[in-house]
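In the numbering used here, the protein residues as written are 138 to 218.
In this text, a Cβ means the ideal position worked out from N, Cα and C, and glycines have one as well.
Model, not experiment: these values are computed from the prediction.
Report on one structure; see the data block that follows.
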Amino acid sequence: MTRADMIAIRRRLRAVNIEYSGLVRNKLGESRFLRMEELKAEREALVGLIVQNDKSRLRTVATVMAPDAAWLAAHQLGVAG
């Protein structure tokens, strides 16, 4: 996902959150509950996209924790001081 895509997703998420907050504060009308459910579903989808993007960028723990193979070989042979 490109940076522009992420910006668009985060902007839409902000708009959804603002609209939802407005519906929570406005206590008039029963139709607001239907719209709130729609907004919740959209929010879940948007957050899911953000999480999926973040996970695709994370390195695995094994990659981070594994020592460099060349460094390890040199130290095991006593070559490096």
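First through last residue of the alpha helix (DSSP H) which encompasses residue i
i, result
"Gly-185", "168-194"
Neighbour-count burial assignment, residue i, 16 or more Cβ in a 10 Å radius
i, result
"Leu-176", "buried"
"Leu-171", "exposed"
"Leu-165", "exposed"
"Val-153", "buried"
For residue i, the three-state DSSP class (helix, strand or coil)
i, result
"Asn-163", "coil"
"Met-143", "helix"
Rounded distance between the beta-carbons of residue j and residue i, thought under 8 Å
i, j, result
"Leu-160", "Arg-151", "Contact flag wrong, Cβ pair sits at about 15 Å."
"Tyr-157", "Met-173", "6 Å"
"Arg-149", "Leu-183", "6 Å"
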